[in-house]
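Be aware that the sequence shown starts at 233, since it is given in the numbering used here, and climbs by one per residue.
Note sheet for the following structure.
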Amino acid sequence: MDDKPKPGVEAPRAVDPEAFARNLARLMEQGGKALAAYLKPRETQDFGDAKAEEMVDIFKTLNHVAEFWLSDPQRAANAQNRLLKGYMDLWAMTMKRMAGETVAPVKAADPKDRRFNDPDWNSNIFFDALKQGYLLTSDWAERMVKEAEGLDEHTRRKAEFYVKQISNAVSPSNFVLTNPELFRETLDSSGENLVRGMQMLVEDIEAGKGDLRIRQSDSSMFEVGRNLALTPGKVVFENDLIQVLQYTPTTEKVLAVPLVIVPPWINKFYVLDLTPEKSMIKWAVEQGITVFVISWVNPDASLAMKTFEDYMKDGVFAALDAAQKVTGEKQAHICGYCVGGTMTAVSLAYLAATNQNRIASVTFLATQVDFTYAGDLKVFVDEEQLESLERRMKQVGFLDSTKMAMAFNMLRSNDLVWPYIVNNYMRGKAPFPFDLLYWNSDSTRLPAANHSFYLRNCYLDNKLSAGKMVVDNMRLDLGQVKVPVYNLATREDHIAPPQSVFLGSSFFGGPVRFVLGGSGHIAGVVNPPEKKKYSYWTGGPADGEFDKWFEQATEHKGSWWIDWLAWIKEIDNREVPARIPGEGPLAAIEDAPGRYVKVKA
233 MDDKPKPGVE APRAVDPEAF ARNLARLMEQ GGKALAAYLK PRETQDFGDA
283 KAEEMVDIFK TLNHVAEFWL SDPQRAANAQ NRLLKGYMDL WAMTMKRMAG
333 ETVAPVKAAD PKDRRFNDPD WNSNIFFDAL KQGYLLTSDW AERMVKEAEG
383 LDEHTRRKAE FYVKQISNAV SPSNFVLTNP ELFRETLDSS GENLVRGMQM
433 LVEDIEAGKG DLRIRQSDSS MFEVGRNLAL TPGKVVFEND LIQVLQYTPT
483 TEKVLAVPLV IVPPWINKFY VLDLTPEKSM IKWAVEQGIT VFVISWVNPD
533 ASLAMKTFED YMKDGVFAAL DAAQKVTGEK QAHICGYCVG GTMTAVSLAY
583 LAATNQNRIA SVTFLATQVD FTYAGDLKVF VDEEQLESLE RRMKQVGFLD
633 STKMAMAFNM LRSNDLVWPY IVNNYMRGKA PFPFDLLYWN SDSTRLPAAN
683 HSFYLRNCYL DNKLSAGKMV VDNMRLDLGQ VKVPVYNLAT REDHIAPPQS
733 VFLGSSFFGG PVRFVLGGSG HIAGVVNPPE KKKYSYWTGG PADGEFDKWF
783 EQATEHKGSW WIDWLAWIKE IDNREVPARI PGEGPLAAIE DAPGRYVKVK
833 A
């Protein structure tokens, strides 16, 4: 009898039985701790209703797809036969490989799919067959949704999203026995990797207070004010919602008109001031701009009733007031990022409605003002889901930071969820220290009243672009916003898709410069010129269809920051002596980055 391993199959590895048994006992002990951490908060709080409602929504959505296929037996049989044919082709291919033949795969993985990078996914016949079977099944499931007739667009989008999430979750790359790399590591370490991973799982469930808070970066390597958010400046104003930071100039002369930055309150402002070499704020100061930025409070239950109007008046307008007092300028450039940009657009429409001429120009970074093409985030927004969310927020006064963070992560679960589950809890390895992912996990709570208004008026009813949004008894019309607009979209943005940002350009009443940056929602914005990464595209007016605009657009290598600076200077290039924070009408309260940004959720 031939004891040699068959082609494509590795020889068994030697395992230390005693070490493996010890680690198995430790694994069970740590598993008990993880279960206890999960159950402890549920002894005194009601966590079950929210999870049950989420599961009901998933089943109801997928049931609409099933109804289409099961309503016609012949149609269902054809769909089943299509999957079975794929399996039979895979079986025949596998038999040929085992016989020593070289054959093309029935279903090849996308070369960009990092889940199947390990050589054994191709060279080992078992793992290759497992991979192809998974790919065949997931493609078949996605096709079942696409071909289901009679679904409204929202239900179809939800079904596609849920099927994708289920498919990502059951990938063979996520399990020890079906991932060749994990399998080797487990054998080589006698299960030590699983013990380390379970210990990390316990810590992350405890950090999430009963929910899993996946660590995406080594948090011990970063600290705001120590190696993040280092641009020198002072807090020159604060109230219960914001601190306003003014940054220390590095040039003798500065542009007369200051810049006020409105970051999103669903994240912290220092994404624009990460490390010095990545800091857009630092770069803008070096170009001779007096920069002010809002640092939003991380709200607790006491701020539950803070409204969208409060965020506009006590946030955006308060920051503009501070900039005006410090500089003496009656106008400011204003820059809004993501939902901070949506708030900025609302604020400008309100200023126009009340005949206030306070803005010299507005820059929107990855901002939506129309939500027709708002992407997969719309999956989470319909009347039933909003009512459920509002009930949960009413109980505590805010949306917990982990809920919003997980929603954003699930939009790219193959990049932001499952790789970390595999790396952290199965390989037992701490994630690589990465400043951007540290920031991504440094999330904030969202006050109930404000968040409900935003979701209903923007994502659900799309009132802003329609001229139907009412704030402080004023009906808002973006067409009355006549100031120059610099509207930046990013090509691979999954939160503010470029088609959505492009369409939003058409609702403003003044001149709009639409620019498309490379990469995605963060990297496409935080793109320093020195890095010489990505490109940006400029073209004619943002009219018609985005794809046609892009076909005619001109590509420029490097950062859009240079283009933006030239645009700002064209509007007003007057210069004045530099302003020192704290030496003007507003005294310094504390050093940047201030207290508010350091509050953990």
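Quick reminder that beta carbons are idealized off the backbone N, C-alpha and C, glycines included.
These figures come from a predicted structure and were not determined experimentally.
CB of residue i within 8 Å of CB of residue j, strictly
i    : j    : result
L552 : V492 : yes
N499 : T369 : no
F739 : D602 : yes
Y691 : K626 : no
L678 : M638 : no
L506 : L477 : no
L267 : G423 : no
V503 : T463 : no
M658 : L414 : yes
D709 : V489 : no
M432 : G660 : yes
A872 : G440 : Here the chain covers residues 233 to 833 and nothing more, so residue 872 does not appear.
A680 : F746 : no
M430 : Q617 : no
C567 : P496 : no
S452 : F666 : no
W769 : E787 : yes
P743 : V703 : no
A606 : S732 : yes
A373 : S399 : yes
V486 : I591 : no
Residue(s) in a DSSP beta bridge with residue i
i    : result
Q475 : E470 and S527
P679 : F630
N719 : F596 and F746
S421 : Partner(s): none; S421 has no beta bridge.
A564 : I591
P809 : K485
G465 : Y479
V867 : Residue 867 is absent from the structure shown; the chain starts at 233 and stops at 833.
M706 : V703
E822 : V467
V456 : L460
Limits of the unbroken alpha helix (DSSP H) element including residue i
i    : result
G547 : Run containing G547: none; DSSP gives neither H nor E here.
A755 : Per DSSP, A755 belongs to no alpha helix (DSSP H) and is neither H nor E.
W515 : M512 to E518
E777 : E777 -> no alpha helix (DSSP H), and no H or E assigned at all.
E250 : P249 to L271
Y366 : I357 to K378
M325 : P305 to M330
E392 : E385 to A401
L668 : D667 to S673
S451 : Neither: S451 is in no alpha helix (DSSP H) and is coded neither H nor E.
W796 : W792 to I803
M575 : V571 to A585
P337 : Premise fails: P337 is in no alpha helix (DSSP H) and is neither H nor E.
S405 : Premise fails: S405 is in no alpha helix (DSSP H) and is neither H nor E.
K695 : K695 to A698
Q731 : P730 to G736
Boundaries of the beta strand (DSSP E) in which residue i is found, first to last residue
i    : result
Y768 : S767 to T770
T786 : T786 to K789
Cβ-heavy atom distance, residue i to the ligand SAH, below 7 Å
i    : result
N400 : Of the ligands one can find in the structure shown there are none, so the ligand SAH has no counterpart to examine.
Tell me whether the segment 520–540 and the segment 465–485 touch, counting them as touching only if at least three CB pairs, one residue from each stretch, are closer than 8 Å. Yes: at least three Cβ pairs fall under 8 Å.
Using 8 Å as the threshold, is the segment 475–494 in touch with the segment 803–810, meaning 3 or more CB pairs across them? yes
Check whether the segment 572–581 touches the segment 540–556, counting contact only when three or more Cβ pairs, one atom from each stretch, lie closer than 8 Å. yes
In the segment 601–665, which residue ranges form an unbroken alpha helix (DSSP H) of at least 4 residues, counting only runs that do not cross its ends? 615–628, 633–642 and 645–648
Evaluate the contact criterion for the segment 399–410 versus the segment 380–388: three or more CB pairs, one atom per stretch, below 8 Å. no
Using a Cβ distance threshold of 8 Å, determine whether the segment 354–365 contacts the segment 327–345, with at least three qualifying pairs required. Yes, they touch.
Sufficient close CB pairs (3 or more, under 8 Å) joining the segment 812–825 to the segment 732–751: no
Three or more beta-carbon pairs under 8 Å between the segment 718–732 and the segment 742–752, yes or no? yes
Say whether the segment 659–674 touches the segment 512–524, bearing in mind that this needs 3 or more beta-carbon pairs closer than 8 Å, one atom from each stretch. no
Is it true that the segment 640–652 meets the segment 688–703, where meeting means three or more beta-carbon pairs spaced less than 8 Å apart? no
For the segment 288–308 and the segment 342–353, state whether three or more C-beta atom pairs, one from each stretch, are separated by less than 8 Å. no
The segment 755–772 touching the segment 790–799, judged by at least three CB pairs closer than 8 Å: At 8 Å Cβ cutoff, the stretches touch.
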